[in-house]
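Engineer: If you scroll down you'll find the structure; I have some questions about it.
Residue numbers (my numbering): 687 to 1027.
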């Protein structure tokens, strides 16, 4: 069985490599690839924001610790001369306890709470750190799966989150801060769909039907790893607008950029009212890829290090609560965590 699965994977990858070679051949005619010139980083401040979260479900309630942090790198003549943080280099996590959420609502809420913390911190970073570029960890918009049903008690929380995003976009435009979201591990198929619908559909070639079939089961980064070289980006294509029915969201654009020779391309969503794609790609190329196998921008790596929470932080919080409440029904661990064998 394993041998059969491995063979199927190898066969598909061989076909995908042929597809990549075909795309490379037609790229000069279709402008699918664009060469990127590294930025000189003469006097530039690049901030990044990330969040950390720990969760624990108990017999009668759910607990959460959440925090977000911003790290701002000041570059001068291509070198880092200073790093500043907001709210600090070791921010205190915010505890939350909920007693009546369903399992689905709890999943929604924990995701919304982390996003709210990150976007609130991003808004504050614009004021306190005054960067030229602000990078978010992940998508520049909430994922469609983060949207609870309108009948959910969490829908007002979701609307508050959208209002925070609107404020972030508005402040970025008004204060001339380039805003982008960098996705570390993208599962998106948007570029593959764009390639299938906007490029291959216009070509008359015997390989097109087979290539379209392969694109339907390919992820963007998997294909683009074979197409892009370090220092190349894709053309621009629009982000699917899952939120237009809920808020007045400005038009976003996206591209993929390969910043490290042996790593997969980064998916970059950005607000085009704040920066041109070429300028953004140049900056990202210069602050990323210092390791040939890992291409994430350095400010985002630092923001992740600052925001992440050690696992024992939740157990320490739980122990402090127990010390004050004593053993109650609500504070009992789940049965699966108390198996005697």
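Note that beta-carbon positions come from the ideal geometry of N, C-alpha and C, so glycine has one too.
In this structure, how does DSSP classify residue 1000 when only helix, strand and coil are distinguished?
Structural biologist: Residue 1000 falls in the helix class under three-state DSSP.
Engineer: Looking at residue 725: is its Cβ nearer than 9 Å to the Cβ of residue 969?
Structural biologist: It is a contact, given that the beta carbons lie within the stated cut-off.
Engineer: Determine the closest residue to residue 824 out of 779, 864, 871 and 757, with distance taken between C-alpha atoms.
Structural biologist: Among 779, 864, 871 and 757, the Cα nearest to that of residue 824 is on 871.
Engineer: Below 7 Å CB to CB, which residues in the same chain sit around residue 911 once its five sequence neighbours on both sides are set aside?
Structural biologist: Correct list, in chain order: 950 and 951.
Engineer: Give the DSSP-derived three-state secondary structure of residue 851 in the structure shown.
Structural biologist: Helix.
Engineer: At which residues does the beta strand (DSSP E) containing residue 830 begin and terminate?
Structural biologist: That residue, residue 830, is in no beta strand (DSSP E); it is neither H nor E in DSSP.
Engineer: Among the residues of its own chain, which have a CB less than 6 Å from the CB of residue 975, if the five just before and after it don't count?
Structural biologist: Correct list, in chain order: 945, 946 and 981.
Engineer: The beta strand (DSSP E) spanning residue 737 covers which residue range?
Structural biologist: Per DSSP, residue 737 belongs to the beta strand (DSSP E) from 729 to 743.
Engineer: What separation, rounded to the nearest whole angstrom, lies between the Cα atoms of residue 896 and residue 828?
Structural biologist: The straight-line gap from Cα to Cα measures roughly 34 Å.
Engineer: Within its chain, find whatever has a CB closer than 6 Å to the CB of residue 771; leave out the 5 residues flanking it on each side and keep chain order.
Structural biologist: Here the set comprises 757.
Engineer: Taking DSSP as the reference, what is the three-state secondary structure of residue 761?
Structural biologist: Reduced to three states, the DSSP call for residue 761 is strand.
Engineer: Reducing DSSP to helix, strand and coil, say where residue 787 ends up.
Structural biologist: Three-state result, residue 787: coil.
Engineer: Counting C-beta neighbours from all protein chains within 10 Å, is the total for residue 948 16 or more, i.e. buried, or is it exposed?
Structural biologist: The residue in question, residue 948, is exposed, as its Cβ has fewer than 16 Cβ neighbours within 10 Å.
Engineer: Buried or exposed, going by whether 16 or more other CB atoms sit within 10 Å of the CB of residue 834?
Structural biologist: By the 10 Å Cβ count, residue 834 comes out buried.
Engineer: What does DSSP give as the partner residue(s) for residue 749 in the beta ladder?
Structural biologist: Paired residues: 742 and 783.
Engineer: Can you list, in chain order, the residues of its chain with a C-beta nearer than 7 Å to that of residue 703? Leave out the 5 residues immediately preceding and following it.
Structural biologist: So the qualifying residues of the chain are 912.
Engineer: Is the Cβ-Cβ distance between residue 812 and residue 847 less than 9 Å?
Structural biologist: No, they are not a contact pair.
Engineer: In the DSSP assignment, the alpha helix (DSSP H) including residue 876 goes from what residue to what residue?
Structural biologist: Run containing residue 876: 876 to 880, per the alpha helix (DSSP H) assignment.
Engineer: Could you pull out every residue in the same chain whose Cβ sits closer than 6 Å to the Cβ of residue 919, ignoring the five residues on either side in sequence?
Structural biologist: So the list reads 720, 722, 941, 943 and 967, once near-sequence residues are dropped.
Engineer: Can you list, in chain order, the residues of its chain with a C-beta nearer than 8 Å to that of residue 1000? Leave out the 5 residues immediately preceding and following it.
Structural biologist: Here the set comprises 740, 741, 742, 749 and 751.
Engineer: Which word fits residue 984, buried or exposed, when buried means at least 16 other C-beta atoms lie within 10 angstroms of its C-beta?
Structural biologist: The residue is buried, with at least 16 neighbouring Cβ atoms inside 10 Å.
Engineer: Would you call the CB atoms of residue 745 and residue 1019 closer than 9 Å?
Structural biologist: Cβ atoms of residue 745 and residue 1019: closer than 9 Å.
Engineer: By DSSP's criteria, residue 1019 is part of a beta bridge. Which residues make up the other side?
Structural biologist: Residue 1019 pairs with 744.
Engineer: For residue 990, I'd like the list of residues in its chain whose CB is within less than 6 Å of its CB, leaving aside the five on either flank, ordered along the chain.
Structural biologist: Cβ within range, chain order: 736.
Engineer: Between residue 957 and residue 809, how many whole angstroms is the CB-CB distance? I'm expecting something under 8 Å.
Structural biologist: 14 Å between Cβ atoms; not a contact.
Engineer: Does the distance from the C-beta atom of residue 814 to that of residue 754 stay below 9 Å?
Structural biologist: Not in contact: residue 814 and residue 754 (Cβ atoms no closer than 9 Å).
Engineer: What are the boundary residues of the beta strand (DSSP E) that residue 883 is part of?
Structural biologist: Looking at the DSSP string, residue 883 is not in any beta strand (DSSP E), and its letter there is neither H nor E.
Engineer: Would you kindly report the start and end of the unbroken alpha helix (DSSP H) that includes residue 906?
Structural biologist: Where residue 906 is concerned, the enclosing alpha helix (DSSP H) stretches over 906 to 913.
Engineer: Taking the beta carbon of residue 780 as the centre, do at least 16 other beta carbons fall within 10 Å, making it buried, or is it exposed?
Structural biologist: The residue is exposed, with fewer than 16 neighbouring Cβ atoms inside 10 Å.
Engineer: Along the chain, where does the beta strand (DSSP E) that runs through residue 965 open and close?
Structural biologist: Unbroken run through residue 965 is the alpha helix (DSSP H), 963 to 972; no beta strand (DSSP E).
Engineer: As a quick exercise: from 877, 979 and 858, pick the residue whose alpha carbon is nearest that of residue 816.
Structural biologist: Answer by Cα proximity: 858.
Engineer: Going straight from the alpha carbon of residue 1014 to that of residue 792, what length do you get?
Structural biologist: Computed Cα separation, rounded: 21 Å.
Engineer: The alpha helix (DSSP H) spanning residue 955 covers which residue range?
Structural biologist: Segment 952 to 956 is the beta strand (DSSP E) holding residue 955; no alpha helix (DSSP H) there.
Engineer: Assuming the contact rule is C-beta atoms closer than 8 Å, residue 728 and residue 774 should be a hit. Round their C-beta distance to whole Å, please.
Structural biologist: Their Cβ separation, rounded to whole angstroms, is 29 Å, which puts residue 728 and residue 774 out of contact at 8 Å.
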